[in-house]
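Peer 1: Everything in the sequence shown is counted per the numbering used here, starting at 8 for the first residue and increasing by one.
Beta carbons: idealized from backbone N, C-alpha and C, even for Gly.
Note that the coordinates shown come from a computational prediction; the quantities given were computed from them, not determined experimentally.
I have a structure I would like to understand better, so I am pasting it below and will then ask my questions one at a time.
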Amino acid sequence: MNMMKNTVFAALGLLFIVSCQKDDDGPTIQPPRDRGEVQQESEANLEAYLETHFYNYEDFENPPADFNYDIVFDTIAGENSDKTALIDHPNLKSTQYNYQEVNYTLYVLEAKEGEGAQPTFADSTFVNYRGNIVGGRKFDGTTTPIWLNLPETIFGFGNGLKELKAGKGITQNEDGSFNYGTDYGVGAVFIPSGLGYFSNPTTSIPAYSDLVFRFKLYSIVKDTDEDGDGIPNALEDVNNNFYLFEAEDDTDRDGRPNFQDADDDGDGILTRDEIVINEDGSITFTDSNNDDTPDYLDPDN
Ligand SMILES: [Ca+2]
Ligand SMILES: [Ca+2]
Ligand SMILES: [Ca+2]
Ligand SMILES: [Ca+2]
8 MNMMKNTVFA ALGLLFIVSC QKDDDGPTIQ PPRDRGEVQQ ESEANLEAYL ETHFYNYEDF
68 ENPPADFNYD IVFDTIAGEN SDKTALIDHP NLKSTQYNYQ EVNYTLYVLE AKEGEGAQPT
128 FADSTFVNYR GNIVGGRKFD GTTTPIWLNL PETIFGFGNG LKELKAGKGI TQNEDGSFNY
188 GTDYGVGAVF IPSGLGYFSN PTTSIPAYSD LVFRFKLYSI VKDTDEDGDG IPNALEDVNN
248 NFYLFEAEDD TDRDGRPNFQ DADDDGDGIL TRDEIVINED GSITFTDSNN DDTPDYLDPD
308 N
């Protein structure tokens, strides 16, 4: 799962190491390509794929007895020439995100709606997934579910998965094996490279690859609170851009983003003691000096 880890800082380091090692004639450092330019290529690539491919929606509409709820993509051609293209299918949803100052479209297919809770982009999730280069080979996947902390995944993964609902949970059989039921959510996300690994190749993913992940979402921890300060991860996204590893989300600029920092404003008072958690679970953000900065983000009080 190391390839799912992603922070800006680690990614930049990786870029230069890989670039240096790649050239046998001596180190050359390739600067990253222009994000806007790459975004346009990705958009065209993804649209072309979504226009010429369909998924096995008929199986999801009328599941055969032995159906395993795997999404299968295929080309619209021959005996499948009358299928509904992904781009025209009502279960495909597109959402715009601004990331690193470029606008991107993220396409999410919800093939089966789960009967449980819906995660945020920053929750912890229990999933099976399979990752492919769009139109190409598989580069990663699981056969038994694993826990993924979405802030540590690439932007497009967590923000795609948040569109699905989980199952209601997992039960254990008498023989110790697990029963996942069939109430889990099934979907896929099409990720432009700029919301994936962009200029950073991994051993199995070339730079600037557009990716598609298919997943089954079994369970989640709702309102994951990684630093235990009483504020769920998703609410520690100070600038509301669905991304947590940046200076704007690190109020005291100590290098620990707020969702991993128990004292967000660095005033020596724990965040937990600068907010009020109400009986119904909601949070009141007190502002003692009425300067519109809540106490937990205000080093002055
Ligand atoms: Ca927190
Ligand atoms: Ca943010
Ligand atoms: Ca901090
Ligand atoms: Ca504080």
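Using the three-state DSSP reduction, which class does ASN156 fall into: helix, strand or coil?
Peer 2: strand
Peer 1: Might you give, ordered along the chain, the residues of its own chain that have their beta carbon closer than 8 Å to the beta carbon of GLY288, omitting 5 neighbours on each side?
Peer 2: none
Peer 1: Give me the Cα-Cα distance between GLN267 and ASP66, rounded to the nearest whole angstrom.
Peer 2: Distance between the alpha carbons of GLN267 and ASP66: 42 Å.
Peer 1: What is the rounded straight-line gap between the Cα of SER200 and the Cα of ARG263?
Peer 2: 26 Å
Peer 1: Tell me where the beta strand (DSSP E) around THR132 begins and ends.
Peer 2: 131-140
Peer 1: Straight-line CA distance for ASP81 to GLU286?
Peer 2: 51 Å
Peer 1: Pop quiz: VAL134 and PHE222 are said to be a contact at Cβ under 8 Å. What is the actual Cβ separation, rounded to whole angstroms?
Peer 2: With a contact defined as Cβ atoms closer than 8 Å, VAL134 and PHE222 qualify at about 5 Å.
Peer 1: I think GLU159 touches GLY194, with their Cβ atoms under 8 Å apart; what is that distance to the nearest whole Å?
Peer 2: Incorrect: roughly 20 Å between the Cβ atoms, too far for contact.
Peer 1: Hey, is TYR250 close to ligand 2, as in C-beta under 7 Å from one of its heavy atoms?
Peer 2: yes
Peer 1: Sorry if obvious, but does the Cβ on PHE266 come closer than 7 Å to a heavy atom of ligand 1?
Peer 2: PHE266 Cβ: within cutoff of ligand 1.
Peer 1: If you reduce the DSSP assignment to three classes, tell me which class LEU277 lands in.
Peer 2: If DSSP states are grouped into helix, strand and coil, LEU277 belongs with coil.
Peer 1: Do you know offhand how far ASN98's Cα is from ARG40's?
Peer 2: 33 Å
Peer 1: Is any non-hydrogen atom of ligand 4 found closer than 7 Å to the C-beta of ASP271, if you look at the structure I gave you?
Peer 2: Judged by the Cβ position, ASP271 qualifies as a neighbour of ligand 4 at the 7 Å threshold, a heavy atom of the ligand being closer than this.
Peer 1: According to DSSP, simplified to helix, strand and coil, what is GLY194?
Peer 2: Strand, per DSSP.
Peer 1: What residue does the alpha helix (DSSP H) around GLU50 start on, and which one ends it?
Peer 2: 42-59
Peer 1: Check whether the Cβ atoms of ALA129 and LEU251 sit closer than 8 Å, and answer yes or no.
Peer 2: yes
Peer 1: Using the Cα positions of GLY275 and ALA173, report the straight-line distance between them to the nearest angstrom.
Peer 2: 38 Å
Peer 1: Could you tell me which of TYR187, PRO71, ASN265, LEU277 sits nearest to ILE153, measuring between CA atoms?
Peer 2: TYR187
Peer 1: Taking three-plus beta-carbon pairs below 8 Å as touching, is the stretch 140-151 in contact with the stretch 237-252?
Peer 2: They do not touch, by the three-pair rule.
Peer 1: Since VAL79 contacts ASN69 with CB under 8 Å, what's their CB separation in whole angstroms?
Peer 2: About 15 Å; that fails the 8 Å criterion.
Peer 1: Jot down the residue ranges of each uninterrupted beta strand (DSSP E) in the stretch 197-268, minimum 3 residues, whole runs only, in chain order.
Peer 2: 218-228
Peer 1: From which residue to which residue does the alpha helix (DSSP H) around GLY163 run?
Peer 2: Boundaries of the alpha helix (DSSP H) harbouring GLY163: 162-168, taken from the DSSP string.
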